[in-house]
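Following: one structure in structure tokens, then a few remarks.
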Amino acid sequence: MDRLLELGPEFWAAAGETLYMVALTMLFGGAGGFLLGLGLYATRRGGLLPNTVVNNLLNVVINFFRPIPFIIFIAAVQPLTRAVIGVGIGTDAAIFALSLAASFAIGRIVEQNLLTVRPGVIEAARSMGAGPWRILRTVVVPEALGPLILGYTFIVIAVIDMSAMAGLIGGGGLGYFAQLYGFRQFEPVVTWAAVLLIVVFVQVVQYVGNWLARRVLRR
Amino acid sequence: MALVTLEHVSKSYPAVGRTAEAVTAVDDVSLEIEAGDVYGIIGYSGAGKSTLVRLVNALEPATSGSIRIDGREITGLRERELRGIRLGIGMVFQQFELFDAKTVRGNVAYPLKVAGWAKADIRARVDELLAFVGLTDKAGARPDELSGGQKQRVGIARALATRPRILLADEATSALDPETTQEVLALLKRVNEDQGVTIIVITHEMDVIQSIATKVAVMDRGRVIEHGDVFDVFSSPRHPSSQRFVGTVVKGVPSPAELAVLRERHEGRIVTCSFRDGDASQARVFLDLAEAGLEFELVYGGINDIRGRAFGHLTLAVRGEGAAIDRALAAVARHTDVTEVR
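As given, the protein sequences belong to chains A and B, one line each in that order. With the UniProt record's numbering applied, the first sequence covers 1 to 219. With the UniProt record's numbering applied, the second sequence covers 1 to 342.
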């Protein structure tokens, strides 16, 4: 316990790093994943902008990257990280790898949630003369907003999980803190302090997500 | 010139997968729908009715044939041009298909936004439409707070928003209870009579045809097998398939199973007389039978009313001496259709 109190400043700095990584990952990965999901949804056969080539390409890319365990992915993607960010290690490098990995997962979640929109309302919008882009923007996304919020909530929690591995490339965060000061120095109290704070984060995120979704769905 | 003209229109879907066969949903259909008509399209499910109306507003492109709306050929137009055509054709759906994420006002305003109306004009038009369908107080409600009938009234208001000349109604009352059906049909009738909107209504319900349709086409396996005035098609269908369909929706003709029961329950000979407004009177038939000294009894029947004209079928059990019955039936047959069913 004394050790934990001693490590107070490091602990809160690590918590800040986790929040920073998760927030920026959700910003970049969230946007990238949204576009991927929208693309998957719109280009599928019978979709609003059917295009077999684009659809197959998106599917292959997502299916290629998504099964790679993040702890391997973060190392494997390092050359690309270096090319884009300038460095291969550190918090920003971790955010890049996280955003990339998250956008593939988010793409699938967005696609699935958009597919819950009844084909009938899309047909109704078409019968009123609306074009595909307008329908995506003003019908499909608003109609799927409730499930989308829950899908993103699910992803935030997955990203918190993934961010614990950022320590591998010097990204910092609570995962790294727990490894370094808890596990390696035989201080279970320190490890558990990190665990508890992560649990708190997850609870808060889930609560906010549920509340937002309920507001949107009005149920 | 007809408002909607279909000439030799077909729609087929290519086979998907190796074992599947191509499906012809609409097969060589020619129809003319005049401005002001309420045109019913009837037939069993899978007959191609829904596909046919989706060809009219080009939600589905026709495979072959010509479709003209107000003289303008729409087959072969590009998607962007078709959007303009669709603004002039409203559509209502069996499952209403309201936007759940929008309020009633938002739903009705949607096609106006698509059409590029100014904000103030949209507001005024939506108010006018909600008053027309009697839902002014529900403007801020969400679809899930409405009853089925209210939802369909919103659907109708939304379909009429851009003042289309044509309204397509795809089984618009099939998801509603009988009372609500009447309410929605009355509204559609007002749309036709007060606003001069031509309505194409798909249905398998007799009620719908009886209360609002002026003309009707019967579809079977993608083809229009019979079309014309509602009264003519329903009182004397010519094609065996339309006879079968009309038989199931029109009350008055006993089914084979019912006939078997009637035969068991009643002695004597059983005959069905068909009446059509204007060409036969029931009194005349009863008189013929009575004058021949026969005993008869009404065992099954029904009289239908289509826009003030009646037709129907009465099944009678007749008892008496054989030759007398023959003579009497011959007399009856001179002024009405008689079918001996035993």
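Built from N, CA and C at the ideal position, the CB exists for glycine as well. On a predicted model such as this, the values are computed, not experimentally measured, just so you know.
For Met26 of chain A, the enclosing alpha helix (DSSP H) stretches over residues 8-43. Chain-ordered listing is empty here: chain A has no CB closer than 8 Å to the CB of Phe311 of chain B, the nearest sitting near 36 Å. Annotation for Glu7 of chain B: Ser30, Gly65, Ser66 place their beta carbon closer than 7 Å to its own, counting only its chain and skipping 5 residues before and after.
Taking a C-beta cut-off of 8 Å against chain B, the contacting residues of the region 129-148 of chain A are Gly129, Ala130, Gly131, Arg134, Thr138, Val139, Pro142, Glu143, Leu145, listed in chain order.
Fully contained in the region 3-52 of chain B are the following beta strand (DSSP E) runs of length 3 or more, in chain order: 4-13, 23-33, 38-42.
Think of a sphere of 7 Å around the beta carbon of Gln150 of chain B: no beta carbon from chain A falls inside it, the nearest being about 17 Å out. Going by DSSP, Ser163 of chain A is part of the alpha helix (DSSP H) stretching over 145-163. Every alpha helix (DSSP H) of 4 residues or more that sits fully in the region 36-114 of chain A is shown, in chain order, as 52-65, 70-76, 78-85, 91-114.
According to the DSSP assignment, Tyr207 of chain A belongs to the alpha helix (DSSP H) that extends over 188-217.
Counting C-beta pairs with one atom in each stretch, the region 186-202 of chain A and the region 94-114 of chain A have fewer than three that are closer than 8 Å, which means they do not touch. Any Cβ of chain B closer than 9 Å to the Cβ of Val121 of chain A would place that residue at the interface, and such an atom is present. Look at Gly140 of chain B here: in three-state DSSP terms it is coil, with no helix or strand label. Between the C-alpha atoms of Arg244 of chain B and Cys273 of chain B there is a straight-line separation of about 18 Å. Annotation: the region 185-255 of chain B contains the following complete segments of the alpha helix (DSSP H) (minimum length 4 residues), in chain order: 206-212, 230-235, 240-249. In this structure Met165 of chain A touches Phe70 of chain A by the C-beta definition: roughly 6 Å separates them, less than 8 Å.
Looking at the DSSP output, Phe275 of chain B bridges to B:Gly312. Comparing alpha carbon positions, the residue from B:Asp177, B:Gln152, B:Phe99 closest to Asp170 of chain B is B:Gln152. Between the beta-carbon of Asp288 of chain B and that of Val332 of chain B there is about 5 Å, and that keeps the pair under the 8 Å contact cut. The beta strand (DSSP E) runs of length 3 or more contained entirely in the region 104-180 of chain B are, from start to end of the chain, 166-170. DSSP places Glu295 of chain B inside the beta strand (DSSP E), whose first and last residues are 295-306. Residues of the region 292-308 of chain B with a Cβ closer than 8 Å to any Cβ of chain A: none.
Secondary structure note for Ile325 of chain B: it is in no beta strand (DSSP E), and the uninterrupted alpha helix (DSSP H) holding it is 322-333.
Within the same chain, Asp121, Ile122, Arg125, Val126, Ala161, Thr162 come within 8 Å of Leu112 of chain B by CB-CB distance, once the 5 residues on both sides are set aside.
In the DSSP assignment, Gly268 of chain B falls outside any beta strand (DSSP E), carrying neither H nor E. A straight-line Cα-Cα distance of about 10 Å links Ile89 of chain A and Ala75 of chain A. Scanning chain B for C-beta atoms nearer than 8 Å to the C-beta of Ser99 of chain A yields nothing, as the closest lies near 29 Å away.
At a Cβ-Cβ threshold of 9 Å, Leu24 of chain A and Pro132 of chain A do not count as neighbours.
In this structure Gly90 of chain B touches Pro164 of chain B by the C-beta definition: roughly 4 Å separates them, less than 8 Å.
In the three-state reduction of the DSSP assignment, Asp70 of chain B falls in the coil class, being assigned neither a helical nor a strand state. Ser50 of chain B has its alpha-carbon roughly 17 Å from the corresponding atom of Thr198 of chain B. Among the residues facing chain A, Tyr39 of chain B is not included, as its CB has no counterpart in that chain under 9 Å away.
Burial state of Arg218 of chain A is exposed, judged by a 10 Å Cβ sphere holding fewer than 16 other Cβ atoms. From the listed residues B:Ser10, B:Glu21, B:Val56, the smallest Cα separation to Glu73 of chain B is found for B:Val56.
Between Leu176 of chain B and Ala157 of chain B, the CB-CB gap reaches or exceeds 9 Å. Between the alpha carbons of Leu150 of chain A and Gly129 of chain A lies a distance of about 31 Å. Neighbours of Asn57 of chain B across chain A, judged by C-beta separation under 7 Å: Ser127.
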